[in-house]
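In numbering that gives the first Met the number 0, the protein residues as written are 0 to 398.
Cβ atoms here follow ideal geometry from the backbone N, Cα and C, with glycine treated the same way.
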Amino acid sequence: MENKKKYLKAMRSLLGPIELEKVSGLYFASTRSGCGGISFEKEHAIISALGEGLERQALSKYNLRRLPFGSYQRLQMKHELLNPAELLLFSEAQYKSSDFAFTPFTAKTETHWVESREMLSGKKVFIPAPFIFLSYQKKEGCGPFIIPTSSGTACHGSFEAAALSALYELIERDAVVGMWDKKFSPPKITLPLEVKRLVNKIFCKEEEAVTFFNLQSDLGIPVVLAHCRGPGFSTFGSACHFNSRKALEKAMLECFQTSYAAKGLLEDGQIKQKPENEINDFIDHLLFYVCEEHQEHLKFLDQGAAFPSLPKKRRMPSLQEILKIFAKRDLGRVYFADITPIKIKAAGLTVVRAICPRLIQLNVGSRNRYLANPRIFSWKQFGRRGKVKNLNSKPHPFA
0 MENKKKYLKA MRSLLGPIEL EKVSGLYFAS TRSGCGGISF EKEHAIISAL
50 GEGLERQALS KYNLRRLPFG SYQRLQMKHE LLNPAELLLF SEAQYKSSDF
100 AFTPFTAKTE THWVESREML SGKKVFIPAP FIFLSYQKKE GCGPFIIPTS
150 SGTACHGSFE AAALSALYEL IERDAVVGMW DKKFSPPKIT LPLEVKRLVN
200 KIFCKEEEAV TFFNLQSDLG IPVVLAHCRG PGFSTFGSAC HFNSRKALEK
250 AMLECFQTSY AAKGLLEDGQ IKQKPENEIN DFIDHLLFYV CEEHQEHLKF
300 LDQGAAFPSL PKKRRMPSLQ EILKIFAKRD LGRVYFADIT PIKIKAAGLT
350 VVRAICPRLI QLNVGSRNRY LANPRIFSWK QFGRRGKVKN LNSKPHPFA
């Protein structure tokens with residue numbers, strides 16, 4: 000409890016006042032910059048919103064004077080760098096397309112580099128700044144190499160806790176995109192009675208149907224997808240955690256948060272849907288499925304078999320133990336960059352950005368999938384080996 004109070008005080012001093020709302024027994028907290036948190040506990044909702052706000056700050060503030068500058072080709076003799084060939088971004092066919100927006104990041108590309116740690120070996124490895132900071136490409140006038148997202152970023156009271164949370168998010172994204180691209184029908188989770196009661200308490204059972212799916216991947220770490228269907232809309236929430244009950248509850252809360260926002264937009268008549276080929280941010284992805292006619296693209300989700308129950312509670316592994324699972328699955332190295340600004344560090348908090356090039360990244364827009372990553376095609380967990388033409392052509396519904 001003392002830690003909670005300490006973090007709350009420190010976070011508030013950095014981000015200012017919080018707006019708080021209570022709906023269906025849940026607390027919604029939001030910052031002035033639009034970052035939000037949701038929880039059954041008021042303090043936890045506030046901490047979540049403030050944590051997201053601090054993550055965004057860290058992703059947008061950097062000191063170029065402290066970062067090495069140059070190409071991989073030029074700097075590789077001086078520093079250990081992430082080889083651009085390991086990034087597994089877009090395919091040659093995508094780059095050759097006349098209207099494709101992105102530029103290849105090559106060994107000759109001049110950029111700043113950010114220090115990270117590869118935890119199993121303890122080595123320092125430098126990562127290209129465009130793949131760490133959200134605003135780098137725009138501010139420095141380079142690329143664009145990717146649409147920057149915050150995936151794999153977390154704020155916590157210690158480096159290891161932040162790194163683990165960041166890694167969970169990468170595992171979650173990998174699972175949901177792998178499932179969607181393969182049009183895999185995931186097994187439905189049979190909910191324990193107490194969880195059913197919780198779902199019925201917060202969702203409007205007369206209007207909304209909520210289904211939970213097991214997306215546990217080849218890593219053996221629980222990933223849960225929640226799907227809420229209401230009159231004229233569908234929304235989703237997903238989460239990864241070694242404790243499957245925590246993954247389920249987090250997915251449920253995220254799903255409720257997006258469904259609540261979607262219903263608000265519907266009531267206000269503020270839905271502005273874009274054609275598939277113009278989707279260019281995560282809100283566009285969400286709004287595409289706040290529409291009756293697009294519900295048919297989700298029917299494959301309902302064809303999975305029932306999953307008997309959630310896995311039993313197991314001992315929580317350390318970050319090192321989870322990284323050893325990555326090594327066994329031939330998923331390459333995972334890098335963790337401490338990007339904590341001085342003021343946030345002084346408050347006793349740490350912001351970490353995790354990068355694992357071999358996991359599937361969450362794309363923005365169907366044309367912008369990272370097709371250079373062989374895992375999209377070869378991952379047996381979500382269906383047999385495939386080709387580009389066999390992938391789901393519709394935009395994913397994840398925001």
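Any idea what DSSP makes of Glu1, helix, strand or coil? Sequence index remark: in the sequence shown, residue 1 carries index 2 (1-based). Low confidence applies to Glu1: its pLDDT is 48, below 50, so where it sits in the model is not reliable, and the reading given next is rough at best. DSSP places Glu1 in helix when its eight states are reduced to three.
Check this for me: beta carbons of Val363 and Asn279, under 9 Å apart or not? Residue mapping note: residue 363 aligns to position 364 of the sequence shown, counting from 1. Residue mapping note: residue 279 aligns to position 280 of the sequence shown, counting from 1. Contact flag set, yes.
Met138, buried or exposed, once every other Cβ within 10 Å from all chains shown has been counted against 16: Within the sequence shown, numbered from 1, the residue matching residue 138 stands at position 139. In the sequence as presented, Met is not what sits at residue 138; that position holds Lys. With fewer than 16 Cβ atoms within 10 Å of its Cβ, Lys138 is classed as exposed.
Length at least 3, wholly inside the stretch 306-386: the beta strand (DSSP E) runs in chain order: 334-337 and 349-354
Please state if the CB of Tyr369 and the CB of Leu88 are separated by a distance shorter than 9 Å. For the purposes of this step, residue 88 is taken as the residue at position 89 of the sequence shown. For the purposes of this step, residue 369 is taken as the residue at position 370 of the sequence shown. Against a cut-off of 9 Å, the Cβ pair of Tyr369 and Leu88 comes out as a contact.
Which residue comes first and which comes last in the beta strand (DSSP E) that contains Gly35? For the purposes of this step, residue 35 is identified with residue 36 of the sequence shown, where counting begins at 1. Here the beta strand (DSSP E) through Gly35 covers Gly35 to Ser38.
Start and end of the beta strand (DSSP E) containing Ser164? Taking the first residue of the sequence shown as position 1, residue 164 is located at position 165. First-last for Ser164: Phe158 to Lys181, but that is the alpha helix (DSSP H), not the beta strand (DSSP E).
Check whether the stretch 58-66 touches the stretch 318-332, taking contact to mean three or more Cβ pairs, one atom from each stretch, closer than 8 Å. no
Kindly indicate which three-state DSSP category Asn62 falls into: helix, strand or coil? Along the sequence shown, one-based indexing puts residue 62 at 63. Three-state DSSP puts Asn62 in coil, outside helix and strand.
Asp283: buried (16+ other C-beta within 10 angstroms of its C-beta) or exposed? Against the sequence shown, residue 283 aligns to sequence position 284. By the neighbour-count rule (16 or more Cβ atoms within 10 Å), Asp283 is buried.
Write down every uninterrupted run of the alpha helix (DSSP H) in the stretch 218-295 whose length is 4 residues or greater and which is fully enclosed by it, in chain order. 243-267 and 281-287
Keeping to the same chain, check which residues put their C-beta closer than 6 Å to that of Trp179; ignore five residues upstream and five downstream. Within the sequence shown, the letter at position 180 stands for residue 179. Same-chain partners within the cutoff: Asn391 and His395.
Output needed for Gln360: all residues of its chain with C-beta closer than 6 Å, excluding positions within five of it in sequence on either side, in chain order. The sequence position of residue 360 within the sequence shown is 361, counting from 1. These residues qualify, in order along the chain: Tyr369.
Inter-residue spacing [alpha-carbon to alpha-carbon] between Gln72 and Glu114: Translated into the one-based positions of the sequence shown, residue 72 becomes position 73. Translated into the one-based positions of the sequence shown, residue 114 becomes position 115. When rounded, the distance between both Cα atoms is 17 Å.
Would you call the stretch 21-39 and the stretch 73-82 in contact, with 3 or more CB pairs under 8 Å? no
For the alpha helix (DSSP H) that contains Arg73, what are its first and last residues? As a working note, residue 73 is residue 74 in the sequence shown. Here the alpha helix (DSSP H) through Arg73 covers Tyr71 to Leu74.
Three-state secondary structure assigned by DSSP to Lys8: Reading the sequence shown from its first residue, position 9 is the one you call residue 8. Helix at Lys8.
Who are the Cβ neighbours of Val209 in its own chain at under 6 Å, not counting the five residues just before and after it? Counting from one through the sequence shown, the residue named residue 209 turns up at place 210. Cβ within range, chain order: Val198, Phe202 and Cys227.
Which whole-angstrom value describes the C-beta separation of Val223 and Ile188, a residue pair presumed to lie in contact below a C-beta threshold of 8 Å? The count along the sequence shown starts at 1 and reaches residue 223 at position 224. The count along the sequence shown starts at 1 and reaches residue 188 at position 189. That pair is a contact at about 7 Å.
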